[in-house]
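Peer 1:
In this note's numbering, the protein residues as written are 642 to 762.
In structure tokens form, the structure reads like this:
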């Protein structure tokens with residue numbers, strides 16, 4: 642599989658993670674879920690992604706994307722993601738995401754977004 646395709650799988654994993662905590666893509670695009678106390682719309686952006694490729698994926702492989710929230714700091718949050726085939730690690734990503742307003746200014750994460758139980762210990 643071409644290396645850039647892994648980014649699409651990681652993106653899907655992050656989208657599903659957010660959906661599982663009650664934030665779907667429609668809410669993200671409209672800003673409905675993350676309207677700040679001042680009423681501005683807020684959006685997720687990828688600030689940094691560091692990928693380690695370990696083994697190749699092949700056409701028709703059944704892949705699993707594991708996504709784990711590592712840490713939340715101010716306007717940023719850090720995730721670890723893995724693409725697996727069975728129990729074999731194919732690629733791992735360390736991702737830093739941020740929340741920004743429509744003007745591109747960073748904003749703190751809404752306090753109700755991530756409960757402390759979601760953050761890995």
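We put the beta carbon where it would ideally sit given N, CA and C, even for glycine.
1) When burial is assigned at 16 or more other CB atoms within 10 Å of the CB, is residue 730 buried or exposed?
2) Beta strand (DSSP E) containing residue 659: first to last residue?
3) In three-state DSSP terms, what is residue 690?
4) Among the residues of its own chain, which have a CB less than 6 Å from the CB of residue 689, if the five just before and after it don't count?
5) Using alpha carbons as the reference points, say which of 728, 734, 722 and 746 lies closest to residue 708.
Peer 2: To lay it out plainly:
1) Using a 10 angstroms sphere on the CB of residue 730, the tally of other CB atoms stays under 16, which defines it as exposed.
2) Careful: residue 659 lies outside any beta strand (DSSP E), inside the alpha helix (DSSP H) at 646 to 661.
3) Of the three classes helix, strand and coil, the one that applies to residue 690 here is strand, per DSSP.
4) Around residue 689: 737.
5) The option with the nearest alpha carbon to residue 708 is 722.
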